[in-house]
């Protein structure tokens, strides 16, 4: 304990809090007030009892060490120098704390829409911000690089030629996760993984409580947006194949891509803020890797709602209102039907009035 107080990062954090608050925020990815709120939530779960032999590691030290790991992705061997905690202790402290972070945040900050009113609010945000109607979210998968578990063979080896587990996420118009599935091995495709999720099971059984067509705009199906990896479904839209596209279909693809881009931007900001995602996660137990990813997603929603500094203006891709050109978000700089459903929606978003507006407004993106 004496060595940690003398050589660990707690004295540094105290100095940063008092004199260099922006550096404190950069060090742990949150300001001191937000850190304290999280600490208060999580302390009952992660606090340890002192023994006659030694004084326990405090909840504050445990949380700080975990956040520093998530922020940097440094090895336990490296973190022992900044935390004053042994690698053997860090190897169980960090996954345990990640699990606790997810537990205390998920009900408030990772809340899945449960009613028609909830889904209508998601759709309203997509319409207002991305001009795409009846949309319940953008879906995509992200491969989380890992060191393969012992004796796992090629089970986690993906088409990108590295080992991974998959984070499949549904994101709203505000760059927040509203559904996540984590832990499927990387050899499977996004579309294949989707079909084994609780979300898809409830969707196919009609248990998501989506608005009925008579309650939606233009009386069209309530839909989720995906890319070519997913199959068309009465509640799923993906782009038209790129061959021999009509102008109307090109406009539709552009509009869909523009709305779906929220999930790519969310993944981008997530990796920019939590750089453990920039390296292979060297944790032996796949379940503990899952806890790391769940914690990061919960922290993302927690921070994006609590503080504007987590995702300041220009963080995400945005449109230049003068030129109508897509400007890259700052997160990029941090790292070097069925056919009939789609046709019905295409006819609405590329109607005579809409097509003339979008042809002129985005002519440069369609040539």
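Numbering (UniProt numbering), first residue to last: 1 to 367. For every residue, glycine included, the Cβ atom is placed at its ideal position computed from N, Cα and C.
* Could you pull out every residue in the same chain whose Cβ sits closer than 6 Å to the Cβ of residue 213, ignoring the five residues on either side in sequence? => Correct list, in chain order: 219.
* To do: Could you tell me how far apart the beta carbons of residue 283 and residue 292 are, in whole angstroms, since I believe they sit closer than 8 Å?
  => Cβ atoms of residue 283 and residue 292 come within 8 Å of each other, at about 7 Å.
* Asked: Just how far apart, CA to CA, sit residue 115 and residue 172?
  -> When rounded, the distance between both Cα atoms is 15 Å.
* To do: Output yes or no for whether 7 Å exceeds the beta carbon distance between residue 262 and residue 157.
  => It is not a contact, given that the beta carbons lie outside the stated cut-off.
* Ignoring anything shorter than 4 residues or poking outside the stretch 198 to 262, list the alpha helix (DSSP H) runs there in chain order. => Note on the stretch 198 to 262: whole alpha helix (DSSP H) runs with a minimum of 4 residues are 198 to 204, in chain order.
* Close Cβ partners of residue 121 (< 7 Å) along its chain, the five nearest in sequence each way excluded -> Around residue 121: no qualifying Cβ.
* **CB of residue 186 within 7 Å of CB of residue 143, strictly** => In contact: residue 186 and residue 143 (Cβ atoms closer than 7 Å).
* Asked: For residue 137, which of helix, strand or coil comes out of DSSP?
  -> Note: residue 137 maps to strand in three-state DSSP.
* To do: Within the same chain, show all residues whose beta-carbon is closer than 8 Å to that of residue 245, passing over the 5 residues directly before and after it, in chain order.
  => Setting aside the 5 residues that flank it on each side, residue 245 is surrounded in the same chain by 253, each with a C-beta closer than 8 Å to its C-beta; the list follows chain order.
* Considering only the beta carbon of each residue, do residue 274 and residue 296 sit closer than 7 Å? -> Taking a C-beta distance under 7 Å as the contact criterion, residue 274 and residue 296 qualify as a contact pair.
* Asked: Quick one: Cα of residue 16 to Cα of residue 228, how far?
  -> So the two alpha carbons sit approximately 47 Å from each other.
* Secondary structure, beta strand (DSSP E): runs of 3+ residues fully inside the stretch 133 to 183 -> Here the runs fully enclosed are 135 to 145 and 164 to 171.
* Assess, as a yes-or-no matter, whether the stretch 97 to 105 is touched by the stretch 152 to 171 under the definition of 3 or more beta carbon pairs within less than 8 Å. => At 8 Å Cβ cutoff, the stretches do not touch.
* Looking at residue 134 and residue 204, is the spacing between their C-beta atoms short of 7 Å? -> Result no, Cβ atoms of residue 204 and residue 134 do not sit closer than 7 Å.
* To do: Pick helix, strand or coil for residue 57, following the three-state DSSP scheme.
  => Coil.
* To do: Excluding the 5 residues preceding and the 5 following residue 90 in the sequence, name in chain order all residues of the same chain whose CB lies nearer than 8 Å to its CB.
  => Non-local beta-carbon contacts of residue 90 in its own chain, meaning distances under 8 Å to residues more than five positions away in sequence, involve 65, 69, 76, 79, 80 and 83 in chain order.
* 7 Å Cβ shell around residue 189 - same chain, five flanking residues per side excluded -> The beta carbon of residue 189 sits closer than 7 Å to those of 229, all from its chain and outside the five residues before and after it, given in chain order.
* Asked: Comparing alpha-carbon positions, which option in 222, 240, 241 and 285 lies nearest residue 132?
  -> It is 222.
* **residue 102 - containing alpha helix (DSSP H), residue span** => 87 to 109 is the span of the alpha helix (DSSP H), which, as asked, contains residue 102.
* Given that a residue counts as buried once 16 or more other Cβ atoms are within 10 Å of its Cβ, and exposed if not, what is residue 209? -> The residue is exposed, with fewer than 16 neighbouring Cβ atoms inside 10 Å.
* Best match in 235, 257, 234 and 26 for proximity to residue 242 [C-alpha to C-alpha] -> Looking at the Cα atoms, 257 is the closest of the given residues.
* Asked: Between residue 259 and residue 130, is the Cβ-Cβ spacing less than 7 Å?
  -> Residue 130 sits close to residue 259, with the two beta carbons spaced by under 7 Å.
* Neighbour-count burial assignment, residue 154, 16 or more Cβ in a 10 Å radius -> The residue is exposed, with fewer than 16 neighbouring Cβ atoms inside 10 Å.
* Taking Cβ positions, are residue 73 and residue 278 nearer each other than 7 Å? -> Taking 7 Å as the Cβ cut-off, residue 73 and residue 278 qualify as a contacting pair.
* What does residue 185 pair with, by DSSP beta-bridge criteria? -> Residue 185 is bridged to 165.
* **Beta-carbon proximity list for residue 281, same chain, < 8 Å, skipping 5 on both sides** => Non-local beta-carbon contacts of residue 281 in its own chain, meaning distances under 8 Å to residues more than five positions away in sequence, involve 73, 144, 145, 146, 147, 289 and 292 in chain order.
* **Close beta carbons around residue 60, own chain, < 7 Å, minus the five adjacent residues each side** => So the list reads 39, once near-sequence residues are dropped.
* Endpoints, alpha helix (DSSP H) assigned at residue 277 -> In this chain, residue 277 is not harboured by any alpha helix (DSSP H), its DSSP state being neither H nor E.
* Asked: Does DSSP classify residue 281 as helix, strand or coil?
  -> Strand, per DSSP.
* Asked: When the Cα of residue 48 is compared with those of 30, 97 and 22, which residue comes out closest?
  -> For the residues 30, 97 and 22, the minimum Cα distance to residue 48 belongs to 97.
* Does the Cβ-Cβ distance between residue 194 and residue 138 come in under 7 Å? -> For the 7 Å CB-CB criterion, residue 194 and residue 138 do not form a contact.
* Considering only C-alpha positions, which residue in the set 206, 34, 56 and 110 is nearest to residue 306? -> Residue 34 is the option with its Cα nearest to residue 306.
* Asked: Can you tell me whether DSSP reads residue 306 as helix, strand or coil?
  -> Note: residue 306 maps to helix in three-state DSSP.
* Asked: Which of helix, strand or coil does DSSP assign to residue 112?
  -> Reduced to three states, the DSSP call for residue 112 is coil.
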